Amino acid sequence: MKLFDVYPLFDVNIVKGQGCKVWDDKGQEYLDLYGGHAVISIGHSHPHYVKKVTEQLGRLGFYSNSVINKLQQELAERLGRISGYDDYQLFLINSGAEANENALKLASFTNGRTRVLSAEKAFHGRTSLAVEVTNNPKIIAPINNNGHVTYLPLNDLAAWEQELKKGDVCAVILECIQGVGGIKMVTREFAQGLEKLCKQYGTVLICDEIQCGYGRSGKFFAHQWLDIRPDIITVAKGIANGFPMAGVLIAPEFQPVYGQLGTTFGGNHLACAAALAVLDVFEEENLVENARVVGDYLMEGLRTVSRDTAAADGTGRIQDIRGRGLMVGIDLDVPHKEVRQPLIYEEHCFTGCAGTNVLRLLPPLCLTKQEVDQFIDKLTKILKR
């Protein structure tokens, strides 16, 4: 048997990691500004994380959700306190797509509606409902194309109001910083206006914080920069630093009904131990604040690169720089592969990408200013060719 070929792969076999560095099977070191696609929040192989996960595995790795799991209760209490949502409820599952599936189901169970508004260029997952609210027809199979979703321009409040005032919209789902869409930013005016409209028309506001949340933006959630408070928040990726886990944070007015939501593996003992270890490190090492401070330093460094690599006529290799904290997009004047590939194979530095021209930076939140300087040197070398 061979693997089903769904991923274009770089010819690199990563076998070890530490902090913001990874190594391949030949011993070559790489600077990791990709973080396994925003998953590695506290750094690779953090010793506290390794200790806590190993200890839990030695006690009990899994039992079903038919019994009390005090680790789930501890995680809910600590996550609520640290995030500022201590009055919300937590449902634990395994992946970001599952989180969005369950958020949309819960919204529909609550108000009985079926229509959803999503943003152009949004990405919310690849499962049934999650892929339907993802604005990419290439990955929506005919069986998932059920006409539930209207896609609207980001930050065009009038367009969203036009749909919401029809009174039949079940939910709005929104990334406050679009990831796959190219690090596109939601404006404060749009977010606050949308929150008000959702309340007015009885529509559930869901913030997808799977990539932009969990400290990455320099606040615990990206929507907190915009001073809104959604009805439902979805999280995954960095929640357990690589162990499969996700969650749905649910406002107190939503009432659970047995049987509507459920999961086999979600919130298992090992996953909870991993997630609690992540919160330990967040607090002990001030990683949310580090994401903000080092993110600002990174943005300033990229502005310097943009000036230093501009042509004599003022046109730049870097067309735009967008983002917050340690979620940054670099819009290039060439396809991203022309920069990303030499960064990996020649400068030994991983980044992500979006669209055709955007380098996407999603490093672990423990990134240092010294590592930023290393990346700036590597990027400058490639762009000055």
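In the working numbering, the protein residues as written are 1 to 385. Don't be surprised by glycine CBs; every beta carbon is placed ideally from N, CA and C. Predicted, not measured: the structure shown is a model, and the values here were computed from it.
Report yes if the CB atom of Ala311 is closer than 8 Å to the CB atom of Gly96, and no otherwise.
-> Reading the sequence shown from its first residue, position 311 is the one you call residue 311. Reading the sequence shown from its first residue, position 96 is the one you call residue 96. Cβ atoms of Ala311 and Gly96: not closer than 8 Å.
Scan the stretch 113 to 201 and note each continuous beta strand (DSSP E) run of 3 residues or more that stays entirely inside, going in chain order.
-> Runs found: 115 to 119, 149 to 152 and 169 to 174.
Please check the pair Pro256 and Gly35, which I expect to be a contact at CB under 8 Å, by giving their CB distance rounded to whole angstroms.
-> Working through the sequence shown from its first residue, we reach residue 256 at position 256. Working through the sequence shown from its first residue, we reach residue 35 at position 35. The Cβ separation is near 33 Å, so there is no contact.
Reduced DSSP category for Thr380 - H, G, I as helix; E, B as strand; rest coil = Indexing the sequence shown from 1 puts residue 380 at position 380. Helix at Thr380.
Integer Cβ distance of Asn111 from Val204, believed to fall under 8 Å | On the sequence shown, position 111 is the one that residue 111 refers to. On the sequence shown, position 204 is the one that residue 204 refers to. Right, their Cβ atoms sit about 7 Å apart.
Could you tell me the distance, in whole angstroms, from the CA atom of Gln200 to the CA atom of Asp227?
-> Indexing the sequence shown from 1 puts residue 200 at position 200. Indexing the sequence shown from 1 puts residue 227 at position 227. Distance between the alpha carbons of Gln200 and Asp227: 18 Å.
Continuous alpha helix (DSSP H) stretch holding Phe282: start and end | Locating residue 282 in the sequence shown gives position 282, where the first residue counts as 1. Boundaries of the alpha helix (DSSP H) around Phe282: His269 to Glu285.
For Gly352, does the three-state DSSP call read helix, strand or coil?
-> Indexing the sequence shown from 1 puts residue 352 at position 352. For Gly352, the three-state secondary structure derived from DSSP is strand.
Buried or exposed by the 16-neighbour rule on C-beta atoms within 10 Å, applied to Glu77 = By 1-based counting over the sequence shown, the position of residue 77 is 77. Burial call: exposed.
Leaving out the 5 sequence neighbours to the left and right, which residues in its chain are closer than 6 Å to Gln319 when beta-carbon positions are compared?
-> Residue numbering aside, residue 319 sits at position 319 when the sequence shown is read from its first letter. Only Asp331 and Asp333 meet the Cβ criterion.
Have a look at Lys337, Thr351, Arg126 and Glu283 and flag the residue whose alpha-carbon is nearest the alpha-carbon of Lys219.
-> In the sequence shown, residue 219 corresponds to position 219, counting from 1. It is Glu283 whose Cα lies nearest to the Cα of Lys219.
Tell me which same chain residues have a C-beta within less than 6 Å of the C-beta of Val15, skipping the five on either side of it?
-> By 1-based counting over the sequence shown, the position of residue 15 is 15. The residues are Asp25.
Residue interval of the beta strand (DSSP E) (run including Val446) | This structure cannot speak to residue 446, because the chain is shown only from 1 to 385.
For Glu300, the three-state DSSP class (helix, strand or coil) = As a first step, residue 300 must be located in the sequence shown, where it is residue number 300. The answer is helix: DSSP assigns Glu300 an H, G or I state.
Measure the Cβ-Cβ separation of Met299 and Val281 and say whether it is below 8 Å.
-> On the sequence shown, position 299 is the one that residue 299 refers to. On the sequence shown, position 281 is the one that residue 281 refers to. At a Cβ-Cβ threshold of 8 Å, Met299 and Val281 do not count as neighbours.
Alpha-carbon to alpha-carbon, Asp87 and Arg81 = Along the sequence shown, one-based indexing puts residue 81 at 81. Along the sequence shown, one-based indexing puts residue 87 at 87. Between the alpha carbons of Arg81 and Asp87 lies a distance of about 9 Å.
Of all the options Val339, Asn357, Val372 and Gly267, which has the alpha carbon lying nearest to the alpha carbon of Lys381?
-> Walking along the sequence shown from the start, residue 381 turns up at place 381. It is Val339.
For the beta strand (DSSP E) that Lys21 lies in, which residues bound it at each end?
-> As a position in the sequence shown, residue 21 is number 21, starting the count at 1. That run of the beta strand (DSSP E) goes Lys21 to Asp24.
Could you work out which residue in Gly355, Thr114 and Asn286 is closest to Cys366 when comparing CA atoms only?
-> Within the sequence shown, numbered from 1, the residue matching residue 366 stands at position 366. Here the closest residue by C-alpha is Asn286.
If we ignore side chains and look at the alpha-carbon of each, how far apart do Glu195 and Glu189 end up?
-> Here residue 195 corresponds to residue number 195 of the sequence shown, with the count starting at 1. Here residue 189 corresponds to residue number 189 of the sequence shown, with the count starting at 1. Near 10 Å, if we compare the C-alpha coordinates of Glu189 and Glu195.
If you draw a straight line from the alpha carbon of Phe4 to that of Val358, how long is it in whole angstroms?
-> Taking the first residue of the sequence shown as 1, we reach residue 4 at position 4. Taking the first residue of the sequence shown as 1, we reach residue 358 at position 358. Going by C-alpha positions, Phe4 is about 27 Å away from Val358.
Please check the pair Pro244 and Gln89, which I expect to be a contact at CB under 8 Å, by giving their CB distance rounded to whole angstroms.
-> For the purposes of this step, residue 244 is taken as residue 244 along the sequence shown, with counting starting at 1. For the purposes of this step, residue 89 is taken as residue 89 along the sequence shown, with counting starting at 1. Between Pro244 and Gln89 a beta carbon distance of about 21 Å is seen, past the 8 Å cut, so the two are scored as non-contacting.
Under the rule that 16 or more other beta-carbon atoms within 10 Å means buried, what is Gly325, buried or exposed?
-> Walking along the sequence shown from the start, residue 325 turns up at place 325. So Gly325 ends up on the buried side.
Specify the secondary structure class of Gly96 as computed by DSSP and reduced to three states.
-> On the sequence shown, position 96 is the one that residue 96 refers to. Three-state result, Gly96: helix.
Which one or two residues does DSSP pair with Thr309 in a beta bridge?
-> Locating residue 309 in the sequence shown gives position 309, where the first residue counts as 1. Thr309 pairs with nothing; no bridge assigned.
Contact check, Ile139 vs Ala246, beta carbons under 8 Å | On the sequence shown, position 139 is the one that residue 139 refers to. On the sequence shown, position 246 is the one that residue 246 refers to. Cβ distance not < 8 Å, so Ile139 and Ala246 don't count as in contact.
Segments of 4+ residues assigned as alpha helix (DSSP H) that fall wholly inside the stretch 2 to 45 | Runs found: 35 to 38.
Can you say whether Gln162 is buried or exposed, counting buried as having 16 or more other CB atoms within 10 angstroms of its CB?
-> By 1-based counting over the sequence shown, the position of residue 162 is 162. Flag for Gln162 reads exposed.
Is Gln89 helix, strand or coil by DSSP?
-> Counting from one through the sequence shown, the residue named residue 89 turns up at place 89. Strand, per DSSP.
Nearest to Tyr297 by alpha carbon, out of Gln374, Glu74 and His336?
-> The sequence position of residue 297 within the sequence shown is 297, counting from 1. For Tyr297, the nearest C-alpha among the options comes from Gln374.
Check Arg396 in the structure and name its three-state DSSP category.
-> Residue numbering for the chain in the displayed model covers 1 to 385; residue 396 lies beyond these limits and cannot be assessed.
Nearest-angstrom Cα separation, counted from Ile173 out to Asn135 = To locate residue 135, count along the sequence shown from 1; it is residue 135. To locate residue 173, count along the sequence shown from 1; it is residue 173. If I take the Cα positions, the gap works out to 12 Å.
Compute the distance between the beta-carbons of Phe91 and Asn100, then report whether it is under 8 Å.
-> Position 91 of the sequence shown holds residue 91. Position 100 of the sequence shown holds residue 100. No, the Cβ-Cβ distance between Phe91 and Asn100 is not below 8 Å.
Give the C-beta separation of Glu175 and Val149 to the nearest angstrom, bearing in mind that I take them to be a contact with Cβ-Cβ under 8 Å.
-> Within the sequence shown, residue 175 is the residue found at index 175, counting from 1. Within the sequence shown, residue 149 is the residue found at index 149, counting from 1. Not really, about 15 Å apart at Cβ, beyond 8 Å.
For Gln255, name the three-state secondary structure that DSSP assigns.
-> Here the question's residue 255 lines up with position 255 in the sequence shown. If DSSP states are grouped into helix, strand and coil, Gln255 belongs with coil.
Under the three-state DSSP convention, the category Val235 falls into = Residue mapping note: residue 235 aligns to position 235 of the sequence shown, counting from 1. Taken through DSSP and simplified to helix, strand or coil, Val235 comes out as strand.
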